[in-house]
Amino acid sequence: MADDALPLDDESFMLAGELALGVLEGDEYAIAQRRLLEERDFASAVEWWQLHLASMAEASGELQPSDDVWRGIEARISSETKGVAGIPRTTDQRSYSRLSLATFATGLGLAAAALALFIATPRTVEVVPTDITTSPSPQLVAQLQDQETGRRLASIVDVPNQRLALNITGLEAEPGQTPELWVIPEGGAPYSLGAIPGSGQFERQLSNEEEDLLRAGVTLAVTFEDDTGVRHEAPTLPILLSGPLDPV
Amino acid sequence: MSERRELLLKAISETAEGDRSSLKTVYEMTSGKVFATIVRIVRDRERSEDILQEVFVKVWSRAGRFDPAKGSPITWLCTIARNTALNDIRRSDHVVRTPDGALPEITDDEARPADEWLCAMEDSEALARCLEELQDDHRRSIKLAFFDGLTHSQLADRVNVPLGTMKSWIRRGLAGLRSCLGG
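Written out as structure tokens, the structure reads:
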């Protein structure tokens with residue numbers, strides 16, 4: 007088992023252990039889940055604990071399930087395989103609204119300009135015109151990227167119109183999986199914003215609940231989840247991208 | 007490496023390439039243990055079978071992510087099973103009320119021949135040794151949390167100690183394990 011040194015303070019390492027063991031609840035659980043998405047070192051520590059503690063499973067004994075279980079697994083896999091081969095899978099059936107960059111620029115104004123600059127110069131973060139920052143802005147931007155994998159996600163939240171617009175690169179998942187977007191409110195547990203495409207541009211309306219969560223300072227993150235067609239309760243490691251949502 | 011573990015590693019690798027008969031091999035080799043892990047947490051056979059099905063659909067789609075360098079196949083499978091079962095009981099706010107003894111007791115199955123182990127022997131032995139070094143209360147609490155999927159307050163109720171005491175036992179137990187395992 008890999009035992010890489012983990013650069014995390016003792017308190018955090020113990021919290022990671024409690025999360026992996028499953029004993030946390032309430033606020034402690036919410037805080038730990040949030041850190042799981044925001045902090046790679048914390049996520050690595052949770053994984054370390056999960057893998058070590060799981061060795062205990064060797065002593066869990068055995069119970070035989072009924073034959074129906076395997077038949078059910080086969081049926082679900084067949085259904086997914088057919089989706090890949092010809093029948094549209096759930097992801098394909100979602101009506102992603104694909105916008106052109108021109109639509110971005112027209113509909114989302116300066117935030118789109120920030121996005122265009124981000125796309126052109128992916129390592130540049132300073133994209134905010136000086137005169138805009140002095141007045142309250144109804145738009146929020148998050149620019150997430152992983153230079154090693156080339157995965158990128160630029161997000162714009164158009165607060166007055168309750169619209170979310172994304173520009174996505176390199177998040178194609180394996181069959182049966184889909185990228186899923188998460189928002190982590192300050193002090194709160196991760197909340198799924200649903201599946202997103204693996205690449206291209208995507209826009210949709212936000213619900214009132216989602217709009218309430220998407221405030222400056224919250225964290226956005228992306229994980230790969232099973233493509234079940236429903237939003238998941240909690241994210242699955244590893245965290246592919248994460249970063250803050252900032253005002254324009 | 008035991009012959010069974012080698013076979014399981016091969017089957018997971020082939021599952022990652024889309025070979026459904028290999029997934030069945032993985033299922034046949036591990037479903038008993040994975041199911042036992044789920045049942046201990048959920049305490050409801052029918053519901054546990056639903057979760058078992060979900061776990062192996064996840065294995066089908068995630069087999070390519072399994073990294074043998076990070077841990078043994080059974081620890082990977084049981085981690086998926088535990089997380090899926092824990093998410094299920096958290097989502098439904100399910101409270102386990104089945105009396106102790108209704109399910110097989112936790113046993114350290116050390117008498118089994120080494121070639122039947124699906125877990126890396128050295129990992130299991132290291133953890134077993136480190137657990138034995140813990141104080142009884144700490145070890146019992148960690149095992150109860152792991153096998154029965156109990157939270158701090160549920161553990162405190164089960165063992166009938168104050169919540170603060172239980173939190174302290176878990177912390178000290180985990181600190182002991184970390185020190186012993188070299189984290």
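If you're matching them up, the sequences are chains A and B in order.
The first sequence: position 66 = 72 (this note's numbering), numbered continuously.
The second sequence: position 170 = 176 (this note's numbering), numbered continuously.
Glycine is no exception: its CB is placed at the ideal position from the N, C-alpha and C atoms.
Being a predicted model, the structure only gives us computed values, none of them experimental.
> At a Cβ threshold of 8 Å, is A/Pro166 touching chain B?
Replying inline: Here residue 166 of chain A corresponds to residue number 160 of the first sequence, with the count starting at 1. Not one chain B Cβ lies under 8 Å of A/Pro166.
> Which word fits B/Ala69, buried or exposed, when buried means at least 16 other C-beta atoms lie within 10 angstroms of its C-beta?
Replying inline: The residue given as residue 69 of chain B occupies position 63 in the second sequence. Looking at its Cβ environment, which holds 16 or more other Cβ atoms inside 10 Å, B/Ala69 is buried.
>> Using a Cβ-Cβ distance cut-off of 8 Å, determine whether A/Glu239 contacts chain B.
In response: Your numbering for residue 239 of chain A matches position 233 in the first sequence. So, interface residue.
>> Less than 7 Å separating the Cβ of A/Gly78 from some heavy atom of the ligand SAH?
In response: Absence of the ligand SAH from the depicted structure is noted, as is the absence of any ligand whatsoever, leaving it without description.
>> Run through chain A and tell me which residues come within less than 7 Å of B/Ser19, C-beta to C-beta.
In response: Against the second sequence, residue 19 of chain B aligns to sequence position 13. By Cβ distance, chain A contributes nothing, its closest Cβ being about 15 Å from B/Ser19, past 7 Å.
> Grouping DSSP H, G and I as helix and E and B as strand, with all else coil, what is B/Ser78?
Replying inline: Walking along the second sequence from the start, residue 78 of chain B turns up at place 72. Here B/Ser78 sits in coil by DSSP.
> With a CB to CB cut of under 8 Å and the five nearest residues on each side skipped, what residues in its chain are close to B/Glu139?
Replying inline: Within the second sequence, numbered from 1, the residue matching residue 139 of chain B stands at position 133. Closer than 8 Å at Cβ, skipping near neighbours: Gly182 and Cys186.
>> Please state the DSSP three-state secondary structure of B/Leu156.
In response: Taking the first residue of the second sequence as 1, we reach residue 156 of chain B at position 150. It is coil, neither helix nor strand.
>> Just verifying my parser: in three-state terms, what is the DSSP assignment at A/Leu243?
In response: Position 237 of the first sequence, counting from 1, holds the residue named residue 243 of chain A. If DSSP states are grouped into helix, strand and coil, A/Leu243 belongs with coil.
>> Do A/Val228 and A/Leu243 have their beta-carbon atoms positioned less than 8 Å apart in this structure?
In response: Counting from 1 along the first sequence, the entry for residue 243 of chain A is found at position 237. Counting from 1 along the first sequence, the entry for residue 228 of chain A is found at position 222. It is not a contact, given that the beta carbons lie outside the stated cut-off.
>> So with CB distances below 9 Å, who are the chain B contacts of A/Leu247?
In response: As a position in the first sequence, residue 247 of chain A is number 241, starting the count at 1. Ordered by position in chain B, no residue passes the 9 Å Cβ test against A/Leu247, which lies about 17 Å from the chain.
>> Tell me the rounded alpha-carbon separation between A/Glu68 and B/Asp154.
In response: Position 62 of the first sequence, counting from 1, holds the residue named residue 68 of chain A. Position 148 of the second sequence, counting from 1, holds the residue named residue 154 of chain B. Rounded to the nearest angstrom, the two C-alpha atoms are 15 Å apart.
> Whose C-beta lies closer than 7 Å to the C-beta of B/Ser19 among residues of the same chain, with five residues either side of it excluded?
Replying inline: Translated into positions along the second sequence, residue 19 of chain B becomes position 13. Nothing meets the Cβ criterion.
> Going along the chain, which residues of its own chain have a beta-carbon closer than 8 Å to the beta-carbon of B/Leu29, five neighbours each way excluded?
Replying inline: For the purposes of this step, residue 29 of chain B is taken as the residue at position 23 of the second sequence. The residues are Ala17, Thr21, Phe62, Val65, Trp66 and Ala69.
> Between the stretch 65-87 of chain B and chain A, which residues of the former have CB atoms less than 7 Å from a CB of the latter, in chain order?
Replying inline: Trp66, Ser67, Gly70, Ala75, Lys76, Gly77, Ile80, Thr81, Cys84 and Thr85
> I think A/Gln56 touches A/Ala240, with their Cβ atoms under 8 Å apart; what is that distance to the nearest whole Å?
Replying inline: One-based indexing of the first sequence puts residue 56 of chain A at position 50. One-based indexing of the first sequence puts residue 240 of chain A at position 234. That pair is no contact at about 13 Å.
> Within 10 angstroms of its Cβ, does A/Asp232 collect 16 or more other Cβ (buried), or is it exposed?
Replying inline: The residue given as residue 232 of chain A occupies position 226 in the first sequence. Buried is the call here.
> Which whole runs of the beta strand (DSSP E) in the stretch 196-237 of chain A are 3 residues long or more, in chain order?
Replying inline: 197-201, 206-211 and 225-232
> Counting contacts by CB-CB distance shorter than 8 Å, is B/Ala117 in contact with chain A?
Replying inline: Against the second sequence, residue 117 of chain B aligns to sequence position 111. Here B/Ala117 scores only 37 on pLDDT, less than 50, and its place in the model should not be relied on; the value that follows carries that caveat. With 8 Å as the cut-off, B/Ala117 does not count as an interface residue toward chain A.
> So, are the CB atoms of A/Leu220 and A/Val254 less than 8 Å apart?
Replying inline: As a position in the first sequence, residue 220 of chain A is number 214, starting the count at 1. As a position in the first sequence, residue 254 of chain A is number 248, starting the count at 1. In this structure, A/Val254 does not lie closer than 8 Å to A/Leu220 by Cβ.
> Who are the neighbours of B/Leu15 on chain A, taking C-beta pairs under 9 Å?
Replying inline: Within the second sequence, residue 15 of chain B is the residue found at index 9, counting from 1. Per Cβ cutoff of 9 Å: no residues; B/Leu15 is ~14 Å from chain A at best.
>> Rounded to the nearest angstrom, what separates B/Ser78 and B/Leu15 at their Cα positions?
In response: Taking the first residue of the second sequence as position 1, residue 78 of chain B is located at position 72. Taking the first residue of the second sequence as position 1, residue 15 of chain B is located at position 9. One C-alpha to the other measures close to 9 Å.
> Does DSSP put A/Ser161 in a helix, a strand or coil?
Replying inline: By 1-based counting over the first sequence, the position of residue 161 of chain A is 155. It is a strand residue.
>> Give me the DSSP bridge partner(s) of A/Arg169.
In response: By 1-based counting over the first sequence, the position of residue 169 of chain A is 163. According to DSSP, which records beta bridges pairwise, A/Arg169 is partnered with A/Asp164 and A/Gln211.
> Start and end of the beta strand (DSSP E) containing A/Leu184?
Replying inline: Counting from 1 along the first sequence, the entry for residue 184 of chain A is found at position 178. Note on identity: in this sequence residue 184 of chain A is Thr, with Leu being the wrong assignment. Counting along the chain, the beta strand (DSSP E) containing A/Thr184 begins and ends at Gln183 to Ile190.
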